[in-house]
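Trainee:
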Amino acid sequence: MQAVVLAGGEGTRLRPLTEDKPKGMVEVDGEPILTHCFEELVELGAEELIVVVGYKKEKIIQHYDDEFQGVPITYTHQREQQGLAHALLTAEEHVDQDFMLMLGDNIFDANLQDVVRRHNEDRADAAFLVEEVPYEEASRYGVCDTNDYGEITEVIEKPEEPPTNLVMTGFYTFTPAIFHACHLVQPSNRGEYEISEAVDLLLASGRTIDAIGLDGWRLDIGYPEDRDEAERRLAGETAEDEAVAATSD
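Per numbering that gives the first Met the number 0, the very first residue in the sequence shown carries number 0; after that it's consecutive.
In structure tokens:
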């Protein structure tokens with residue numbers, strides 16, 4: 000299975016950490032975020048990593064060159080930041096089979112294998128890892144609605160009033176049909192080509208997409224404090240542990 004990693008983001012909310020590097024090169028626990036992503040994908044059996052780069056792309060290319068742990072890397076360039084569907088289309092010519100898609104600004108310690116396994120059962124045309132978040136945070140993400148069978152029926156990108164608190168986590172599996180849907184996407188109110196609209200087009204065409212509940216944790220590294228929280232979790236600590244340590248000092 001191939002794996003596409005979207006890593007073209009500038010990471011303006013992560014500044015000053017991204018003043019001289021792209022978001023994916025911000026270090027978490029001593030390694031760039033992308034290294035954590037690549038390690039997960041290689042463990043899942045990725046045969047090729049297709050990395051979509053953009054802002055300060057040379058930092059990524061120089062660091063990883065053309066392979067990671069023996070798995071070849073192909074780079075594609077998103078010249079303008081126009082949304083995830085736009086970014087994914089830059090990889091289209093390199094994808095010739097079902098594939099994993101990971102957002103290159105997420106840290107996972109979760110059941111990603113369950114998503115791949117469900118996809119390979121040929122029961123669904125795609126599978127997403129999803130999690131429940133507090134309702135007040137759901138508007139930061141693509142929000143999912145599901146039926147009684149655990150199938151996704153609708154995805155809404157960053158809604159002002161989320162209909163549910165079930166959100167996409169940044170890990171998906173797709174067939175190449177997603178590219179045709181991405182070509183049909185129109186710019187959203189934000190002026191971006193949203194992956195959520197491409198997903199809705201797949202659903203409208205009769206495709207089945209399964210939602211796999213998160214078992215474990217994941218963090219979208221959007222702000223400096225997210226990086227700090229990821230490091231605590233990777234170290235097996237909690238915010239309460241850190242507070243106690245600070246008090247004892």
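In this text, a Cβ means the ideal position worked out from N, Cα and C, and glycines have one as well.
1) Since residue 1 is in the beta strand (DSSP E), which residue starts that stretch and which ends it?
2) Going by beta carbon distance, what residues of the same chain come within less than 7 Å of residue 268, once the five residues before and after it are set aside?
3) If you draw a straight line from the alpha carbon of residue 34 to that of residue 6, how long is it in whole angstroms?
4) Would you report the Cα separation of residue 41 and residue 65, rounded to the nearest angstrom?
5) Identify the residues that DSSP records as bridge partners of residue 50: which are they?
6) Mapping the DSSP letters down to three states, classify residue 109 as helix, strand or coil.
7) Using the three-state DSSP reduction, which class does residue 66 fall into: helix, strand or coil?
8) Sorted by chain position, which residues of the same chain lie with C-beta nearer than 7 Å to residue 58's C-beta, five sequence neighbours on each side aside?
9) What separation, rounded to the nearest whole angstrom, lies between the Cα atoms of residue 201 and residue 73?
10) Count the other CB atoms, across all protein chains shown, that sit within 10 Å of the CB of residue 244; report buried if there are 16 or more and exposed otherwise.
Mentor: So, from the listed chains and residues:
1) Indexing the sequence shown from 1 puts residue 1 at position 2. Where residue 1 is concerned, the enclosing beta strand (DSSP E) stretches over 1 to 6.
2) Residue 268 is absent from the structure shown; the chain starts at 0 and stops at 248.
3) Walking along the sequence shown from the start, residue 34 turns up at place 35. Walking along the sequence shown from the start, residue 6 turns up at place 7. Rounded to the nearest angstrom, the two C-alpha atoms are 12 Å apart.
4) As a first step, residue 41 must be located in the sequence shown, where it is residue number 42. As a first step, residue 65 must be located in the sequence shown, where it is residue number 66. Cα-Cα distance, rounded: 14 Å.
5) Taking the first residue of the sequence shown as position 1, residue 50 is located at position 51. Answer by DSSP bridge pairing, in chain order: 4, 74.
6) Indexing the sequence shown from 1 puts residue 109 at position 110. Three-state result, residue 109: strand.
7) For the purposes of this step, residue 66 is identified with residue 67 of the sequence shown, where counting begins at 1. The answer is strand: DSSP assigns residue 66 an E or B state.
8) As a first step, residue 58 must be located in the sequence shown, where it is residue number 59. So the list reads 20, 21, 24, once near-sequence residues are dropped.
9) If you number the sequence shown from 1, residue 201 lands on position 202. If you number the sequence shown from 1, residue 73 lands on position 74. The alpha-carbon atoms of residue 201 and residue 73 are separated by roughly 26 Å.
10) Your numbering for residue 244 matches position 245 in the sequence shown. Since pLDDT at residue 244 reaches only 42, below the 50 mark, its modelled position is unreliable, and the value read off the structure follows with that caveat. With fewer than 16 Cβ atoms within 10 Å of its Cβ, residue 244 is classed as exposed.
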